[in-house]
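Residue numbers (the numbering used here): 154 to 284. Here a beta-carbon is modelled for each residue, glycine too, at the ideal position from N, C-alpha and C. All values reported here derive from a predicted model rather than from experimental measurement. Let me begin by presenting the structure, written as structure tokens, before commenting on it.
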């Protein structure tokens with residue numbers, strides 16, 4: 154996770170990300186997740202080709218990522234924090250605050266054929282990548 158460039162003065166704050174700098178891919182799609190009911194979880198999938206860059210632009214959310222190097226959890230709880238999710242990374246989103254808005258900037262348009270929706274299939278997929 155990285156802290157994003159933020160400019161603050163008496164007028165407020167401005168935080169930015171730039172393609173080719175903080176975001177190491179061309180942005181083809183943006184979407185946001187919000188109004189998640191208490192206790193609900195999102196994600197629970199990986200993508201074989203798509204990068205995503207996540208920012209909690211409001212509220213907070215826990216993100217757990219897993220790849221061939223292991224599993225790590227993050228708390229996105231500030232508008233000036235960003236988290237890169239590379240391809241072939243299992244992602245789980247949980248503990249959304251009632252006001253959470255999770256912005257995702259993606260490298261590819263939506264294609265259901267690139268999603269890995271089963272954890273067992275994900276483990277098989279990353280094990281093949283390591284061979």
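- For the segment 162-210, the continuous beta strand (DSSP E) assignments of 3+ residues that do not extend past its boundaries occur at 165-169, 182-187 and 195-200, in sequence order.
- Looking from the CA of residue 195, the closest CA among 242, 251 and 247 belongs to 247.
- Contiguous beta strand (DSSP E) elements confined to the segment 228-271 occur at 234-238, 243-247 and 254-259, taking only those with 3 or more residues.
- Taking residue 159 as the centre and dropping the five residues before and after it, the same chain places the C-beta of 166, 168 and 233 closer than 6 Å to its C-beta, in chain order.
- Within the model, the alpha-carbon separation for residue 256 versus residue 230 is close to 12 Å.
- Taking 9 Å as the cut-off, the beta carbon of residue 220 is found closer than this to the beta carbon of residue 279.
- Contact between the segment 209-226 and the segment 170-177 is absent: fewer than three C-beta pairs spanning the two stretches fall below 8 Å.
- Beta-bridge partners of residue 157 (DSSP): none assigned.
- Of all alpha-carbon atoms in 203, 181 and 154, the one lying nearest the alpha-carbon of residue 265 is that of 203.
- Contact between residue 199 and residue 243 holds: their C-beta atoms lie close to 5 Å from each other, under 8 Å.
- Counting the other CB atoms within 10 Å of its CB gives residue 263 a total below 16, which places it among the exposed residues.
- Excluding five sequence positions before and after residue 275, the CB atoms of its chain that fall closer than 7 Å to its own CB belong to 199, 243 and 269, given in chain order.
- Short of 7 Å from the beta carbon of residue 228, and not among the five residues preceding or following it, lie these beta carbons of its own chain, in chain order: 213 and 215.
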